[in-house]
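This report concerns only the one structure given below.
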Amino acid sequence: MSTVSGKGKLNPTEGTASVIGTEQPDQTQIPIDSKLRFLDSKTDGPLIHVAVTGSNPPPGYASKVEYWSRRGALKADIMTLESTAFTNRPGSSGYPKEFTDWIAEGNVLATAQEASPQQWIPGIYQLTAPVNALYWAPDPDAPSTDRIGLLVECGTASELLNVVWYKMKQPTNGLIFQKVPSKLTFTKLPSTDPRAIDLKADWHYYHGTMRLL
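Position 21 (the sequence shown) corresponds to 21 in the working numbering; numbering is contiguous.
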């Protein structure tokens, strides 16, 4: 299996793409004890909220788990991912409420927060939901040459069912981001095939097991 991605300048694609700010390399898929949100870039309306636990989760939640909550119908052509830390520290009195409020008002899915390199499968993910959308963004690890993909699967009532990450090469340690951006722009594609992002890349996908709370 090849782990070498295609190099060279990114070709222009409909919409915009940018990476703003990066954190230091982390040891997990998405930084623990953090919260993320996907916004409709045109309206700033919330689409998805993500809360990630560390080793000290709030009561009723598991450690090192991502909780994904759909807040709005995923019809945006361009999404903006924003990453921030919780205002209240884990273990503090205000942390459980802040955590719960962040993922409230949507159907919530939970998935393991860490992945191994072997869980990144070469090839194209086989769709399992009636409504699917694939978004691409510059890869924060190599924004001038590489791209990532985010496939979102929903039901007929727009409920979130699954998310799948794509990388142009198999991560050596299983991380989707070696450096976590504070802001990242995702542009929707007319296809759910990652070869529409880059035809020559050796695409690998990570499909975590997501369960409905």
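Think of the CB as a built atom: it goes at the ideal place given N, C-alpha and C, for glycine as much as any other residue.
Is the beta carbon of residue 104 less than 8 Å from the beta carbon of residue 211? no
Give the list of continuous beta strand (DSSP E) stretches no shorter than 3 residues that lie fully inside the region 76-135. 78-85, 107-112 and 120-122
Please determine, among 143, 196 and 85, the residue with the shortest C-alpha to C-alpha distance to residue 151. 196
Under three-state DSSP, which class holds residue 194? helix
What would DSSP say about residue 169, mapped onto helix, strand or coil? coil
By the three-class DSSP mapping on this structure, what secondary structure does residue 156 have? coil
Of the residues 75, 43 and 91, the one placed nearest residue 153, counting alpha carbons only: 75
Should residue 56 be labelled buried (16 or more other beta-carbon atoms within 10 Å of its own) or exposed? exposed
So, under 8 Å CB-CB, residue 96 and residue 33 are touching, yes? Tell me the CB distance rounded to an integer number of Å. Wrong, their Cβ atoms sit about 13 Å apart, outside the cutoff.
Return the bridge partner residues of residue 211 from the DSSP annotation. 110
Where residue 68 falls: helix, strand or coil (DSSP): strand
Under a Cβ-count criterion, where at least 16 other Cβ atoms within 10 Å of its own Cβ denotes burial, should residue 148 be classed as buried or exposed? buried
Within 8 Å, do at least three Cβ pairs link the region 114-126 to the region 70-89? no
Segment limits, beta strand (DSSP E) that includes residue 182: 181-188
Residue 34, DSSP secondary structure in three states: strand
For residue 116 and residue 174, believed in contact at Cβ under 8 Å, the rounded distance: 5 Å
Is it buried or exposed for residue 134, if we count other Cβ within 10 angstroms and need 16 for buried? buried
Alpha carbon to alpha carbon, what distance is there between residue 131 and residue 139? 25 Å
Proximal residues to residue 22 (C-beta, below 7 Å), its chain only, five neighbours per side dropped: With a pLDDT of 41 at residue 22, under the threshold of 50, the predicted position of this residue should be treated as unreliable, and no value is reported.
Taking the Cβ atom as the reference point for each residue, do residue 54 and residue 42 lie within a distance shorter than 8 Å? no
I need the DSSP call for residue 202, collapsed to helix, strand or coil. coil
For residue 47, tell me which candidate among 171, 160 and 199 has the shortest Cα-Cα distance. 160
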